[in-house]
Amino acid sequence: MSEAALAVHRAFYDAIETGDVDLMASLWVDDPNTSCVHPGATPLRGTVSVLRSWTVLMANVGYIQFFLTELELTAFPRESSEPTTVAITCTENILSGSVPSAEETFTGGKAICTSILVRDTSGWKFWSRHASPVADLGAIDPEES
Numbered sequence: 707m708s709e710a711a712l713a714v715h716r717a718f719y720d721a722i723e724t725g726d727v728d729l730m731a732s733l734w735v736d737d738p739n740t741s742c743v744h745p746g747a748t749p750l751r752g753t754v755s756v757l758r759s760w761t762v763l764m765a766n767v768g769y770i771q772f773f774l775t776e777l778e779l780t781a782f783p784r785e786s787s788e789p790t791t792v793a794i795t796c797t798e799n800i801l802s803g804s805v806p807s808a809e810e811t812f813t814g815g816k817a818i819c820t821s822i823l824v825r826d827t828s829g830w831k832f833w834s835r836h837a838s839p840v841a842d843l844g845a846i847d848p849e850e851s
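Residue numbers (my numbering): 707 to 851.
Here is the structure:
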């Protein structure tokens, strides 16, 4: 596995958890073709739109923490000792809290995420990210279906 690509992947979650807009901006390729799909949302294209969405999200979350499981990395080209692209998939187990108020509330959620990182002269950068929510099928009463 590419430890450097995984470090950039972890830095992405650190940026969200700490609300570090500058760190988030440093992790993305500056290109009009980058893309990001937030859970339940339509695709965003271009680094400016992607970063704007993360800035808004981080400004409106009081607390968020990600516990990543089922992390897998696939490097391309596969035969190369110097891959230029990696696909990282994982399950995001998310704990979030409300923006500070008189009443603190926490909720949990889960998403499946695929991130595509590319390597350039400055190192690994995000090219694309797609996260989809995981439905809690246990919460559905089969007799009501």
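For each residue, glycine too, the CB sits at the ideal point set by N, CA and C.
Burial state of residue i, where buried means 16 or more other Cβ atoms lie within 10 Å
i: Val714; result: buried
i: Ala710; result: exposed
i: Phe832; result: buried
i: Val756; result: buried
i: Ala880; result: The requested residue 880 does not occur in the structure, where the chain is confined to residues 707 to 851.
i: Val792; result: buried
i: Ala828; result: Sequence inspection shows Ser at residue 828; the Ala mentioned does not correspond to that position. The residue in question, Ser828, is exposed, as its Cβ has fewer than 16 Cβ neighbours within 10 Å.
i: Phe772; result: buried
Backbone secondary structure at residue i - three-state DSSP
i: Leu733; result: coil
i: Ala747; result: coil
i: Thr724; result: helix
i: Val714; result: helix
Whole-number beta carbon distance between residue j and residue i, since they are thought to touch under 8 Å
i: Val767; j: Ser741; result: 22 Å between Cβ atoms; not a contact.
i: Cys819; j: Glu785; result: Contact doesn't hold; Cβ gap of about 26 Å is too wide.
Quiz item: Which ranges does the beta strand (DSSP E) cover as unbroken runs of at least 3 residues, wholly within the segment 751-788, from first to last along the chain?
Solution: 769-782
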